[in-house]
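To start, the structure itself, in structure tokens.
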Amino acid sequence: MKNLSFLLSTLCGITYGLHAQAELLVPEQANQYVRVYKADGDYFFGPDTPNLKEGKWYDEWVPNDHTFVKGDDGLWHIFGITHPLVETKPLNKGIHEGEYASFHAVSRATNFKETLKENHYNDLPKILAPRDRPGEIPANHAPYVVRKDGRFQMVYGHSPIRLAVSDNLYDWEPKGELFSDPDGARDPNLLLYKGTYYLTYCSIKSVRMVTSKDLIHWSEPKTILKTNQFDPESPSLLFHNNSFYLFVCAWEGGWDGKDIQGAYTHKAYVYQSNDLTNFGVDQEKEITVLKAHAPEIFQGEDGQWYISSVEWPYRGVSIDRFTWKPQNHKQK
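Residues 1 to 332 in our numbering are what the sequence shown lists, from first letter to last.
Printed below as a string of structure tokens:
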């Protein structure tokens, strides 16, 4: 009887595994990007850099890694890396110079679908410049915002990963360091799953993860993806269709240095795994490649899925729709 029970359970497991494989969904873009935000000119918040001066006006600003969050006011807010355009010779010398504060933009509509219009978002004052974060390193990179205990919680980097909190998304209070990684920690992203926060970030040829129940105390890091063939950027981890998906932007080198946009590669690999701590090595669990730089993945109020991109195909933040298709569905 035990052997029969074992056989039946094994057959059920095989059947379930085949069914789960047949149900695997893959994101497919519409490839109809709309630039919803382009930064206004502004005075540089400082401190001085080799090519930027505190208090000087700069017309052109370059957003990068960012996050979307809906506020209690019903409006959608975007926060992200920003700095004035620096056109040094060579260009790579100042490509990320002055990334010391986050831009803040807010929608005029409360339904996300209605925000998909050219330059819909209004630019607001920058947040968390170095003068607002005494004792911290100047860099303020790749914010990600979640809601916990009635307050908005923002994690940002680069290493050490830090925390700031807000009651209204307009006023922010820095809370200091959360953790660091001796190999570096960049571009934090958060997933809350079954009461645990999973924070993914990029390090040397890898995406790593730490976990927490309270956003204060963190586990030791674990590598969840090895990328021997490129340098990972801007991971986004989500749970969908009873599985986990990891979106990772790839820096594969090869920039000719002729224009700024070329440094912001727009190749985003997508991986699928039933184990959120293991997305394999290189293409082992890759399911598709999307076109976006520093993408964020989220849903609107009606359940529609969106992917965002910066600098490509336009300077600013652009939005594209996507749908989930069965793996054997032929891409357009």
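Where is the CB? At the ideal position from N, CA and C, for every residue including glycine.
(message) Tell me the residue span of the beta strand (DSSP E) that contains VAL146.
(response) 141-148
(message) Please return the same chain residues whose Cβ sits closer than 6 Å to the Cβ of TRP61, not counting the five positions on each side in sequence.
(response) ALA39, THR82, PRO84
(request) Count the other CB atoms, across all protein chains shown, that sit within 10 Å of the CB of LEU4; report buried if there are 16 or more and exposed otherwise. (result) Reliability of the predicted coordinates at LEU4 is poor, the pLDDT of 36 falling under 50, and the value obtained from them is presented with this limitation in mind. When all chains shown are included, LEU4 counts as exposed.
(request) Measure the Cβ-Cβ separation of PHE68 and PHE103 and say whether it is below 8 Å. (result) No, Cβ-Cβ distance for PHE68 and PHE103 is not below 8 Å.
(request) Could you pull out every residue in the same chain whose Cβ sits closer than 8 Å to the Cβ of TYR193, ignoring the five residues on either side in sequence? (result) So the qualifying residues of the chain are PHE239, LEU276.
(request) Inspect the beta-carbon positions of VAL207 and LEU199 and report whether they are closer than 8 Å. (result) no
(message) As a quick exercise: from ALA109, LEU128, GLN153, LYS126, pick the residue whose alpha carbon is nearest that of HIS120.
(response) ALA109
(message) Buried or exposed for HIS158, going by 16 or more other Cβ atoms inside 10 Å?
(response) buried
(message) Quick check on ALA101: buried or exposed, where buried means 16 or more other Cβ atoms within 10 Å of its Cβ?
(response) buried
(message) Would you call the segment 48-59 in contact with the segment 126-134, where contact means no fewer than 3 C-beta pairs closer than 8 Å?
(response) no
(message) Our contact map puts LEU290 next to LEU237 with C-beta atoms below 8 Å; I'd like the distance itself, whole angstroms only.
(response) Contact flag wrong, Cβ pair sits at about 15 Å.
(request) Answer with buried or exposed for ARG151, where buried requires no fewer than 16 other C-beta atoms within 10 angstroms of its C-beta. (result) exposed
(request) Look at GLU252 and PHE230 and say whether their C-beta atoms are less than 8 Å apart. (result) yes
(message) Measuring alpha carbon to alpha carbon, tell me which residue in ILE161, GLY71, PHE298 is nearest PRO182.
(response) Of the candidates ILE161, GLY71, PHE298, the residue whose Cα lies closest to the Cα of PRO182 is ILE161.
(message) Between LEU128 and ASN140, how many whole angstroms is the CB-CB distance? I'm expecting something under 8 Å.
(response) The C-beta distance from LEU128 to ASN140 rounds to 5 Å, short enough to meet the 8 Å contact threshold.
(request) Assign HIS66 to buried or exposed, taking buried as 16 or more other Cβ atoms, counted over all protein chains shown, within 10 Å of its Cβ. (result) buried
(request) Would you decide whether ILE319 is buried or exposed? Buried here means 16 or more other CB atoms lie within 10 Å of its CB. (result) Burial call: buried.
(message) With a threshold of 6 Å on Cβ separation, who are the neighbours of VAL281 within its own chain once the five nearest residues in sequence on each side are excluded?
(response) LYS226
(message) Quick check: PRO63 and PRO138, are their CB atoms within less than 8 Å of each other?
(response) no
(request) Could you tell me how far apart the beta carbons of ASN241 and GLU23 are, in whole angstroms, since I believe they sit closer than 8 Å? (result) Right, the Cβ-Cβ distance comes to about 7 Å (below 8 Å), so this counts as a contact.
(message) Determine whether the beta carbon atoms of GLN272 and TYR245 lie at a separation below 8 Å.
(response) In this structure, GLN272 places its C-beta atom within 8 Å of the C-beta atom of TYR245.
(request) Answer yes or no: do ASN92 and GLU301 have a C-beta to C-beta separation smaller than 8 Å? (result) no
(message) Beta-carbon within less than 8 Å of TYR33's beta-carbon, same chain only, minus the 5 sequence neighbours each way: which residues are those?
(response) SER309, PRO313, TYR314, SER318, ILE319, ASP320
(request) Work out the CA separation of PRO174 and SER212 for me, nearest whole Å. (result) 19 Å
(message) Using a Cβ-Cβ distance cut-off of 8 Å, determine whether LEU191 contacts chain C.
(response) Chain labels in this structure do not include chain C; a single protein chain is all it has.
(request) Name, in chain order, the residues that DSSP records as bridge partners for LYS222. (result) DSSP links LYS222 through a beta bridge to MET209.
(message) So the candidates are SER107, GLU118, PRO50, PRO232; which of them puts its Cα closest to the Cα of GLU87?
(response) PRO50
(message) Could you give the first and the last residue of the continuous beta strand (DSSP E) run that contains GLN333?
(response) In the structure displayed, the chain extends from 1 to 332; residue 333 sits before or after that span and is not available.
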